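Engineer: Here's a structure for you.
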Amino acid sequence: MGGALQVTLLKFTPDPELTAALAARLCYSDSSIAGLIDKFSSSEKPGVPIENLLGRILKMGHTSVLEHASFTLGIEGISRATSHQLVRHRLASYSQQSQRYVKASRPDYVTPETIAKDPKKKRRYDEAVKGVYALYKELTDAGVPAEDARYILPNAACTKIIVTMNARELLHFFKLRCCERAQWEIREMAARMLALVKKEAPFIFKNAGPSCVGAVCSEGDMTCGKAKVIREKFRKL
Ligand SMILES: Cc1cc2nc3c(=O)[nH]c(=O)nc-3n(C[C@H](O)[C@H](O)[C@H](O)COP(=O)(O)OP(=O)(O)OC[C@H]3O[C@@H](n4cnc5c(N)ncnc54)[C@H](O)[C@@H]3O)c2cc1C
2 MGGALQVTLL KFTPDPELTA ALAARLCYSD SSIAGLIDKF SSSEKPGVPI ENLLGRILKM
62 GHTSVLEHAS FTLGIEGISR ATSHQLVRHR LASYSQQSQR YVKASRPDYV TPETIAKDPK
122 KKRRYDEAVK GVYALYKELT DAGVPAEDAR YILPNAACTK IIVTMNAREL LHFFKLRCCE
182 RAQWEIREMA ARMLALVKKE APFIFKNAGP SCVGAVCSEG DMTCGKAKVI REKFRKL
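Quick note: the sequence shown uses the numbering used here, first residue 2, plus one each step.
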């Protein structure tokens, strides 16, 4: 029931890579701003490829230039358990459907695969969650405000959220949340986000994903031990 994850890229900085490259060029140029733009408008010509400049600057760790490119994504069909993990990332902006103002008019919840694959467990889970939603309805029908009735809703309850992150924060987010150590739901969501932003900024997100994609696994004893497979998966994304 519910839980059909959907991730949509709603808006993003036009020419995200050019924007970051302009910021990078400015740092090392005595040119006027208009002059910088002129230089880059001829970026198809050999001599001023954006990727060379961005590549060099990012290698030096000057990643603040990536903050000039932002991406706004709409996410639905995730559980509140996962949205709680998402909003721990502080360098982002969020707008989430309110459980105070929007009534949960029908049971809409995520079922983890470990439960869904076992008919007995799934039946018990569905009964329990639907029971909670039935009580929620009973309470709201009896005049209890949604903001109070929601206290009984489960972590599994579906939510919708719009998130804006700049490219620097996205790279950090993907490092943590595309990793096998992250939970399956946020991992799936992060991978879909990455696929969408990579289409618009393929150079910036070329090595995006868990640490093993761009370098070596950072997880020490907690490593999944599948770096080669994971690297392949994200490079192809
Ligand atoms: C596998 C996994 C397991 C986790 N388990 C738990 C858990 O058991 N309990 C728990 O509470 N959380 C847990 N978390 C959440 C984790 O601790 C972070 O809160 C979350 O991943 C947000 O990441 P962040 O703090 O790097 O970043 P963001 O908010 O995305 O910030 C990006 C970066 O900005 C810098 N930054 C941001 N704010 C500050 C600040 N105030 N001061 C200094 N630097 C700052 C840091 O360099 C930070 O890495 C887990 C996360 C993962 C991926």
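Using N, Cα and C, we set each Cβ at its ideal position, and we do this for glycine too. In this text the structure is predicted, and so the values were computed from the model without any measurement.
Does ligand 1 have a heavy atom nearer than 7 Å to the CB of leucine 92?
Structural biologist: Walking along the sequence shown from the start, residue 92 turns up at place 91. True, at least one ligand heavy atom lies under 7 Å from that Cβ.
Engineer: Using a Cβ-based criterion (distance less than 7 Å to any ligand heavy atom), does arginine 182 qualify as near ligand 1?
Structural biologist: If you number the sequence shown from 1, residue 182 lands on position 181. Yes - ligand 1 has a heavy atom lying nearer than 7 Å to the Cβ of arginine 182.
Engineer: Would you say the beta carbon of leucine 171 is closer than 7 Å to some non-hydrogen atom of ligand 1?
Structural biologist: Here the question's residue 171 lines up with position 170 in the sequence shown. Leucine 171: no, Cβ never under 7 Å from ligand 1.
Engineer: Among residues of its own chain, excluding the 5 on either side of leucine 195, which ones have a beta-carbon nearer than 7 Å to its beta-carbon?
Structural biologist: Translated into the one-based positions of the sequence shown, residue 195 becomes position 194. Within the same chain, leucine 195 has close Cβ partners Phe175, Cys179, Phe206, Ala209, Gly210 and Leu238.
Engineer: Could I get the ranges of all uninterrupted beta strand (DSSP E) runs contained in the segment 90 to 154, with 3 residues as the minimum, in chain order?
Structural biologist: 94 to 97
Engineer: State yes or no: is the C-beta of leucine 6 within less than 8 Å of the C-beta of phenylalanine 72?
Structural biologist: As a position in the sequence shown, residue 6 is number 5, starting the count at 1. As a position in the sequence shown, residue 72 is number 71, starting the count at 1. Cβ distance not < 8 Å, so leucine 6 and phenylalanine 72 don't count as in contact.
Engineer: Are there 16 or more other CB atoms within 10 angstroms of the CB of cysteine 28, so buried, or fewer, so exposed?
Structural biologist: Start at 1 with the first residue of the sequence shown, and residue 28 comes out as number 27. It counts as exposed.
Engineer: Would a C-beta distance cut-off of 8 Å place alanine 158 and alanine 117 closer than the cut-off?
Structural biologist: Within the sequence shown, the letter at position 157 stands for residue 158. Within the sequence shown, the letter at position 116 stands for residue 117. The answer is no: Cβ separation not under 8 Å.
Engineer: Just to check, is the beta-carbon of leucine 195 closer than 7 Å to a non-hydrogen atom of ligand 1?
Structural biologist: The residue given as residue 195 occupies position 194 in the sequence shown. Incorrect: leucine 195 has no Cβ contact closer than 7 Å to ligand 1.
Engineer: If you draw a straight line from the C-alpha of glycine 221 to the C-alpha of isoleucine 187, how long is it?
Structural biologist: Here the question's residue 221 lines up with position 220 in the sequence shown. Here the question's residue 187 lines up with position 186 in the sequence shown. Cα to Cα, glycine 221 sits roughly 21 Å from isoleucine 187.
Engineer: Count the other CB atoms within 10 Å of the CB of threonine 9; is the residue buried (16 or more) or exposed (fewer)?
Structural biologist: As a working mapping, residue 9 is identified with position 8 in the sequence shown. The residue is exposed, with fewer than 16 neighbouring Cβ atoms inside 10 Å.
Engineer: Residues in the same chain with beta-carbon distance under 6 Å from glycine 48, minus the five sequence neighbours each way, listed in chain order, please.
Structural biologist: By one-based count along the sequence shown, residue 48 stands at place 47. Only weak support exists for where glycine 48 lies, its pLDDT of 47 falling under 50; the value from the coordinates is given anyway. Around glycine 48: no qualifying Cβ.
Engineer: Can you have a look at threonine 115 and say buried or exposed, based on whether 16 or more other CB atoms are within 10 angstroms of its CB?
Structural biologist: Residue mapping note: residue 115 aligns to position 114 of the sequence shown, counting from 1. The residue is exposed, with fewer than 16 neighbouring Cβ atoms inside 10 Å.
Engineer: To the nearest angstrom, how far is the alpha carbon of serine 80 from that of arginine 193?
Structural biologist: If you number the sequence shown from 1, residue 80 lands on position 79. If you number the sequence shown from 1, residue 193 lands on position 192. C-alpha separation (whole angstroms): 16 Å.
Engineer: Going by DSSP, name the residue or residues bridged to phenylalanine 72.
Structural biologist: Counted from its first residue, the sequence shown places residue 72 at position 71. Bridge partners of phenylalanine 72: Phe13 and Met166.
Engineer: Evaluate the contact criterion for the segment 61 to 78 versus the segment 147 to 161: three or more CB pairs, one atom per stretch, below 8 Å.
Structural biologist: Touching, yes, given that three or more Cβ pairs across the two stretches are closer than 8 Å.
Engineer: Does DSSP classify serine 80 as helix, strand or coil?
Structural biologist: As a position in the sequence shown, residue 80 is number 79, starting the count at 1. Looking at serine 80 - three-state DSSP - the assignment turns out to be strand.
Engineer: Which residue from Ile34, Leu55 and Lys40 puts its Cα closest to that of alanine 25?
Structural biologist: Locating residue 25 in the sequence shown gives position 24, where the first residue counts as 1. Closest by alpha carbon: Leu55.
Engineer: Determine contact between the segment 134 to 147 and the segment 97 to 112, defined as no fewer than three beta-carbon pairs at a distance below 8 Å.
Structural biologist: yes
Engineer: Is the separation between the beta-carbon of alanine 168 and that of alanine 21 shorter than 8 Å?
Structural biologist: Counting from one through the sequence shown, the residue named residue 168 turns up at place 167. Counting from one through the sequence shown, the residue named residue 21 turns up at place 20. Taking 8 Å as the Cβ cut-off, alanine 168 and alanine 21 qualify as a contacting pair.
Engineer: Quick one: does the C-beta of phenylalanine 174 sit closer than 7 Å to a heavy atom of ligand 1?
Structural biologist: For the purposes of this step, residue 174 is taken as residue 173 along the sequence shown, with counting starting at 1. Yes.
Engineer: Quick check: does the Cβ of arginine 81 come within less than 7 Å of any heavy atom belonging to ligand 1?
Structural biologist: Taking the first residue of the sequence shown as 1, we reach residue 81 at position 80. Arginine 81: no, Cβ never under 7 Å from ligand 1.
Engineer: Sort Leu23, Ser33, Arg125 and Gly144 by Cα distance to phenylalanine 41 and report the nearest one.
Structural biologist: For the purposes of this step, residue 41 is taken as the residue at position 40 of the sequence shown. Closest in C-alpha terms to phenylalanine 41, from the list Leu23, Ser33, Arg125 and Gly144, comes Leu23.
Engineer: Quick one, which of Glu201, Ser84, Leu92 and Pro203 has its alpha-carbon nearest glutamine 98's?
Structural biologist: For the purposes of this step, residue 98 is taken as residue 97 along the sequence shown, with counting starting at 1. Per the Cα distances, Ser84.
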